[in-house]
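Enquirer:
Protein chains in written order, with UniProt numbering: chain A, 1 to 397; chain B, 1 to 397; chain C, 1 to 397; chain D, 1 to 397.
The structure is reproduced here in structure tokens:
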């Protein structure tokens with residue numbers, strides 16, 4: 001058994017390093033025993049756009065924090081109150097830490113578990129949300145394992161599709177949740193703000209669920225090309241044309257049934273404002289792009305942000321065009337996705353080959369743990385790749 | 001048959017008068033024939049809080065416009081394509097004008113009918129939303145009558161309960177819609193922002209649907225007393241105590257399952273800000289008061305408002321605490337209520353005596369058409385009465 | 001600490017006795033440790049209509065089985081993996097045994113937990129469904145306590161309302177579930193087949209949720225009187241009049257929006273068939289009574305029944321009028337209720353006094369453990385009382 | 001303008017002929033004027049499996065009735081109360097006749113319109129359900145046209161895809177409805193009973209909505225091959241193996257999330273019973289194949305059938321295994337599909353090329369009106385083709 005644990009550690013803004021830390025224990029962040037927990041040997045652990053919030057300093061975390069919240073791993077140790085998992089099981093870890101015992105977890109709202117983060121209404125690994133160690137590492141501890149973990153039915157089959165299955169920990173269900181909150185269904189017209197990895201998962205999920213016209217808006221042509229060659233329409237937001245005009249040119253109508261913001265408060269404006277940080281830009285765009293009677297999802301993260309350009313933004317207040325859209329009967333849903341709501345079904349869709357376009361849209365790249373710090377730099381510069389760290393060299397190339 | 005029609009007419013800000021205008025025809029605002037329409041003799045026609053927006057000038061309408069959108073009436077003339085209504089039928093008019101033929105109406109979104117207002121996504125009588133004459137009058141024209149009108153099954157029974165049934169045209173279904181959008185169900189805890197007539201209908205509707213703890217916030221003690229003596233808790237917003245602290249004092253928890261804004265952009269602050277017009281205050285309060293995993297309804301009207309204190313407000317942009325609530329997974333629904341979604345069932349609840357507290361909570365007062373201009377003045381000054389105009393003296397006193 | 005445990009034990013058809021058995025341990029039926037479990041001191045434990053299936057022999061169980069599945073109790077011992085409950089907590093036990101860890105429990109379908117009964121898709125205390133000891137006893141073991149148990153927020157307040165709160169373990173949420181499955185909502189018209197305790201809870205729940213016309217059908221006038229004096233309409237099924245005619249006489253229409261079968265396969269016919277056991281009678285009646293576009297709930301138990309009058313009935317096959325109702329677009333939902341879906345909200349409704357009619361409708365009678373065998377006899381003879389056993393004399397009379 | 005109208009006419013069991021009848025008028029079946037109606041020139045009109053019920057005599061209709069309920073056509077005449085359709089528009093006709101004005105239509109339950117068939121709760125063209133002339137003809141009358149008809153946005157584009165769009169009138173939305181009622185969603189496992197045209201549409205719709213494992217059961221290898229080569233699994237029901245065993249061999253589990261009966265009461269048994277007419281076989285199979293917590297849709301038609309083998313079957317009573325499935329918490333939905341609920345979105349999916357497999361799965365064959373009687377014979381013999389009649393020779397071959 002391993003005694004140490006190599007992990008990606010936050011050392012300060014734009015300073016990620018691979019350190020050797022202690023091997024994890026079946027213990028809660030406060031030191032209490034966790035008989036319900038397991039130790040995982042990590043098979044795949046991705047770098048996420050929200051890791052960049054930490055990297056850039058817009059989401060402050062303590063120095064020394066272990067990064068990572070998108071993990072797939074193999075069970076190597078089970079606590080005495082784990083009944084339905086065994087050593088060797090290959091599992092996906094939902095990024096929300098959830099107890100399965102509180103009112104919200106019982107109601108499937110695992111994204112706002114009431115117990116796993118005493119300071120707020122939600123918890124996650126590798127954030128400052130409950131002091132849970134992240135999993136960009138060789139090993140990690142996961143509590144409430146019977147409740148939380150999604151076991152793949154066949155390990156060999158799963159390893160064949162691991163690049164796709166690795167997305168089940170966060171961004172594929174997260175993207176899917178945005179579409180569900182925006183009311184997307186077979187035949188819907190969809191606008192997707194942002195062609196980063198989550199937005200591209202949104203495009204893939206929209207295809208899976210049978211959306212008709214899927215339009216993705218971004219500034220980066222390489223990212224847009226990934227979705228364009230896989231059955232989606234694209235809008236170049238650096239063009240100086242109103243969004244609804246661009247939608248109308250594609251769809252014949254200026255607004256869609258379902259629009260989702262996959263960007264959040266690090267958004268920029270359209271056209272001549274494309275270089276300007278405008279924290280409210282993306283959400284106002286998706287509200288604008290949603291037809292009367294449609295719905296809007298907000299997956300992009302909003303919060304008090306020390307790097308925001310205004311005092312209001314630092315406090316989490318944004319100037320929203322709510323009065324302009326009120327007459328359209330807006331329905332707006334936001335927040336973290338309850339991964340467990342969706343990951344099993346999305347796993348089934350992957351295992352039965354219903355998303356053949358997923359890998360190409362995501363443009364996943366498998367890297368070693370040591371390559372992770374560089375990957376943060378490249379991802380922050382706008383790479384069109386989705387990085388999957390393979391700490392033990394278990395993924396076929 | 002009558003030849004003229006006495007009606008409440010807008011002559012300018014704070015200037016409503018009763019004029020004699022032409023008797024209505026089976027004609028659309030653009031002059032086309034309306035074989036699907038009927039003429040109603042008005043039995044009850046209420047003054048609504050949103051009529052005050054017009055009265056005060058925050059919702060501009062043309063001089064000479066006929067006021068009123070909360071009508072109950074008797075069919076006196078039917079067009080050649082009306083099959084299921086007959087002369088003498090007593091009916092409730094949903095305030096939304098809806099064709100029953102467009103995509104949104106087919107999908108029960110009559111609040112955003114695509115055809116009855118060529119300028120916007122919704123239409124209403126007695127507003128500048130499609131040029132439909134209002135019904136604070138002796139007679140009115142209603143198009144698409146088979147689709148739109150709710151017939152009371154027994155005229156005599158209905159006249160006995162007419163003060164309650166008169167609320168079906170707008171404020172009772174509107175208030176109920178707010179609760180539905182906020183996810184309220186039996187046992188829910190509910191916060192209601194505003195004890196005006198719609199907020200009081202919200203309190204009554206929350207009782208009907210079996211909510212547990214129903215808390216109403218307002219500044220006006222007389223209005224609060226109406227709900228307090230009918231099974232609700234109250235919060236005096238002029239006290240300098242944070243809203244969540246006041247909720248916690250009542251409920252034992254600082255936030256509720258479902259919170260509804262029945263105020264809109266004419267809101268004021270809390271405590272020392274109670275005298276200050278703060279257009280974003282009510283919506284921020286209800287988002288603040290909603291628990292993680294709960295939902296928020298916004299029935300209060302937001303829109304570009306020429307009387308708003310800021311340029312942003314004039315354009316319909318509001319500084320919302322969206323970042324502060326994003327972590328709670330907010331679900332926010334806003335806009336006009338699709339009255340037809342609810343009015344039939346609420347009628348049944350009234351007819352079977354399931355809302356015995358309704359009249360007392362609303363404190364309805366029946367007045368003549370000539371008393372209407374004065375009632376606008378009193379309502380604007382904060383009266384705790386709900387005015388029902390009885391143009392033909394048909395309602396028992 | 002107690003060493004023995006007095007409990008109601010099944011000794012054979014129509015033979016219930018109070019025996020002294022072993023004090024419960026934190027152990028699963030198969031003898032494994034249950035660190036997630038607790039021991040409860042029982043405060044209230046009701047006799048249920050489905051206990052009569054065992055009593056009569058239509059649901060076979062092993063001799064020596066401990067009876068009871070409707071328990072309210074006080075925590076007296078907690079396992080090492082119980083985090084959110086403490087000694088002294090007063091809790092309601094959902095009658096479904098549910099692990100909180102399987103696919104169905106994660107999806108809120110605790111009524112079909114996949115792990116707590118290896119022989120079937122559901123488990124319950126005091127049945128032959130997973131070998132769980134029942135709780136008509138002084139003490140009992142409950143597994144997965146953090147997940148399963150509903151804690152009352154204030155013990156003294158709860159003891160004041162214990163007769164109502166005792167119904168949260170099964171029949172009130174069960175009855176409510178039937179209405180939800182039948183699509184009941186504010187203003188709905190409702191038909192309730194059966195005025196036994198669950199049917200009467202259905203009537204009470206229909207009132208809570210704001211149903212308009214609530215019609216209850218039964219043969220027993222005493223039972224019907226309990227609902228009639230609390231705001232419901234009644235139908236005497238021993239009259240020789242078709243059900244839809246009787247509904248029409250009350251409602252003005254022959255069918256209701258929502259109909260629920262609270263009877264099951266021990267049903268009798270209507271009128272001249274009132275004395276005849278007709279296992280399919282109740283479900284055919286509720287399908288008949290549901291309007292096109294409405295929905296039907298089947299809470300009454302159907303299953304292979306050794307006492308059924310036909311071979312088909314013994315095997316669980318029933319002659320249903322499916323072809324007669326297909327044209328009405330029937331929606332039929334059946335099965336056990338997932339208690340945890342509803343018990344928290346119904347507790348809140350009780351605690352905030354929203355069901356003042358509940359006690360009178362149910363006609364609850366508190367008895368000692370020693371009186372339980374007699375109560376089985378009386379209940380089987382059609383008593384209009386709902387028996388609550390108080391094993392420790394803790395309930396005020 | 002045409003003066004006569006050539007149409008497929010029912011002359012008796014197994015006797016369909018093409019006759020010349022009167023050109024249609026803007027008139028209701030009872031002779032009243034229909035200002036809301038249009039006359040269509042038929043472009044495509046399919047033969048449906050339910051037409052075979054009439055052909056065989058299991059659904060009795062009057063001699064001389066015009067057949068057909070799956071029409072696509074061009075508007076050639078509009079009534080004076082038609083506002084949103086013009087001559088030349090190409091439209092799909094939902095097979096349900098629906099007024100858009102009654103309670104059920106207002107609630108989107110157009111499949112149980114309360115006014116268009118005075119004898120029952122639903123109406124359809126070309127059946128004995130309201131006396132509406134069918135549309136296997138050159139021309140037809142459609143009432144309530146603004147409400148009912150789905151206009152294709154671009155006529156040329158639509159004519160390119162007319163073989164797929166012709167399915168929007170009935171079988172594609174009908175099949176989709178079955179899946180919705182069975183709770184199917186992305187990732188669901190699905191069992192489809194029957195590989196006739198509707199079952200094959202069900203398979204196609206399951207692919208569209210992202211189902212994972214889609215299993216189709218039938219006896220006819222040619223029909224099964226059509227779905228097998230388009231991404232579905234198949235079960236040969238003539239094999240003597242229990243259905244759940246066959247499902248388990250494919251899926252690894254014996255039951256699916258969603259099972260839909262696309263067969264109805266003309267079903268046969270499994271294996272050695274494959275040659276035996278067993279009216280209850282299909283519905284019992286789909287209930288058996290549905291997992292606990294799943295749901296079952298019943299699209300196949302059940303009703304009183306004069307050809308049924310038993311007296312009970314003639315009256316519409318079927319021996320169902322309800323007791324065997326009650327413990328699985330069954331949810332069963334049946335009846336005609338409300339086409340308007342789905343046709344617009346499915347049209348969008350077709351227009352945006354999201355169902356490239358549809359034509360091949362359906363194996364559509366375009367025929368002339370004169371070939372229709374022969375096509376009835378072949379279809380009745382189990383052809384694997386779906387016949388589209390092209391009365392004016394407008395469809396490209």
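Cβ coordinates follow ideal geometry from the N, Cα and C atoms, glycine included.
Assign residue 200 of chain C to one of two classes, buried (16 or more other C-beta atoms within 10 Å of its C-beta) or exposed (fewer than that).
Expert: Buried.
Enquirer: Can you give the Cα-Cα distance for residue 394 of chain C and residue 44 of chain C, rounded to whole angstroms?
Expert: Between residue 394 of chain C and residue 44 of chain C, the C-alpha separation is close to 8 Å.
Enquirer: Are there three or more Cβ pairs, one per stretch, closer than 8 Å when the stretch 230 to 249 of chain A is compared with the stretch 1 to 12 of chain B?
Expert: No: the two stretches stay apart, fewer than three of their Cβ pairs being nearer than 8 Å.
Enquirer: Which of the three DSSP states is assigned to residue 111 of chain B in this structure?
Expert: Three-state DSSP puts residue 111 of chain B in a helix.
Enquirer: Suppose the cutoff is 6 Å on Cβ atoms and the five residues either side in sequence are ignored; what does the same chain contact list for residue 334 of chain B look like?
Expert: So the list reads 298, once near-sequence residues are dropped.
Enquirer: Return the CA-CA distance between residue 365 of chain A and residue 216 of chain B, expressed in angstroms with no decimal places.
Expert: Between residue 365 of chain A and residue 216 of chain B, the C-alpha separation is close to 55 Å.
Enquirer: Can you check DSSP and say which residues form a bridge with residue 418 of chain C?
Expert: Any answer about residue 418 of chain C is impossible in this case: the structure gives chain C only from 1 up to 397.
Enquirer: Could you tell me whether the Cβ of residue 95 of chain C comes closer than 7 Å to any Cβ of chain A?
Expert: For residue 95 of chain C, the answer is no, since every Cβ of chain A falls outside 7 Å of its Cβ.
Enquirer: Under the three-state reduction of DSSP, which class applies to residue 161 of chain A: helix, strand or coil?
Expert: It is coil, neither helix nor strand.
Enquirer: Strictly below 7 Å CB to CB, what residues from chain C border residue 36 of chain A?
Expert: Near residue 36 of chain A (Cβ distances below 7 Å), the residues of chain C are 81.
Enquirer: Anything in the stretch 151 to 173 of chain D with a Cβ closer than 8 Å to a Cβ of chain A? List those residues in chain order, please.
Expert: Answer in chain order: 153.
Enquirer: Give me the subset of the stretch 207 to 235 of chain A whose CB atoms are less than 9 Å from a CB atom of chain D, sorted by chain position.
Expert: Hits within the stretch, in order: 207, 208, 209, 210, 211, 212, 213, 214, 231.
Enquirer: Decide if the stretch 131 to 147 of chain B is in contact with the stretch 228 to 236 of chain B; the criterion is three or more beta carbon pairs, one per stretch, under 8 Å apart.
Expert: No contact exists between the stretch 131 to 147 of chain B and the stretch 228 to 236 of chain B.
Enquirer: Thinking C-beta only, is residue 342 of chain D closer than 7 Å to residue 173 of chain D?
Expert: Contact flag set, yes.
Enquirer: Exposed or buried, which one is residue 177 of chain D when buried takes at least 16 other CB atoms within 10 Å?
Expert: Its Cβ being crowded by 16 or more others within 10 Å, residue 177 of chain D is buried.
Enquirer: Just reading off the beta strand (DSSP E) that residue 327 of chain B is part of, what are its end residues?
Expert: Neither: residue 327 of chain B is in no beta strand (DSSP E) and is coded neither H nor E.
Enquirer: Between which two residues does the alpha helix (DSSP H) containing residue 268 of chain D stretch?
Expert: Taken as a continuous stretch (DSSP letters only), residue 268 of chain D belongs to no alpha helix (DSSP H), as it is neither H nor E.
Enquirer: For the stretch 333 to 356 of chain B, list every residue whose C-beta sits within 8 Å of some C-beta in chain D, in sequence order.
Expert: Result list: 340, 344.
Enquirer: For residue 51 of chain D, tell me which candidate among D:318, D:205, D:171, D:202 has the shortest Cα-Cα distance.
Expert: The shortest Cα separation from residue 51 of chain D among D:318, D:205, D:171, D:202 belongs to D:171.
Enquirer: For residue 11 of chain B, name the three-state secondary structure that DSSP assigns.
Expert: Strand, per DSSP.
Enquirer: Between the alpha carbons of residue 262 of chain C and residue 186 of chain B, how many angstroms are there, rounded?
Expert: Rounded to the nearest angstrom, the two C-alpha atoms are 21 Å apart.
Enquirer: Quick one: does residue 375 of chain B have its CB under 7 Å from some CB of chain A?
Expert: Cβ-Cβ to chain A under 7 Å: no for residue 375 of chain B.
Enquirer: Taking the alpha helix (DSSP H) that residue 90 of chain C falls in, what are its first and last residues?
Expert: Careful: residue 90 of chain C lies outside any alpha helix (DSSP H), inside the beta strand (DSSP E) at 90 to 93.
Enquirer: Please decide whether residue 186 of chain C counts as near chain D, where near means a Cβ-Cβ distance under 7 Å.
Expert: It does not: the Cβ of residue 186 of chain C has no partner Cβ on chain D nearer than 7 Å.
Enquirer: In whole angstroms, give me the CA-to-CA distance for residue 181 of chain A and residue 336 of chain B.
Expert: Distance between the alpha carbons of residue 181 of chain A and residue 336 of chain B: 20 Å.
Enquirer: Out of A:292, A:98, A:290, A:37, state which residue places its alpha-carbon closest to the alpha-carbon of residue 340 of chain A.
Expert: Ranking the options by Cα distance to residue 340 of chain A, first place goes to A:98.
Enquirer: Given a threshold of 16 other Cβ atoms within 10 Å of its Cβ, counted over all protein chains shown, does residue 249 of chain A qualify as buried or as exposed?
Expert: Per the 10 Å Cβ criterion, exposed.
Enquirer: Going by beta carbon distance, what residues of the same chain come within less than 7 Å of residue 23 of chain D, once the five residues before and after it are set aside?
Expert: Closer than 7 Å at the Cβ level, and outside the excluded window around residue 23 of chain D, lie 2, 3, 4, 5, 139.
Enquirer: Could you tell me which chain B residues have their CB closer than 9 Å to the CB of residue 115 of chain D, listed as they occur along the chain?
Expert: Simply 83, 84.
Enquirer: Quick check: the Cα distance between residue 345 of chain B and residue 283 of chain B, rounded to an integer number of angstroms?
Expert: Going by the C-alpha atoms only, they are around 28 Å apart.
Enquirer: Assuming contact is defined by CB atoms lying nearer than 7 Å, are residue 252 of chain A and residue 112 of chain B in contact in what I supplied?
Expert: For residue 252 of chain A and residue 112 of chain B, no; Cβs fall outside 7 Å.
Enquirer: Output yes or no for whether 7 Å exceeds the beta carbon distance between residue 73 of chain A and residue 40 of chain A.
Expert: Cβ distance < 7 Å, so residue 73 of chain A and residue 40 of chain A count as in contact.
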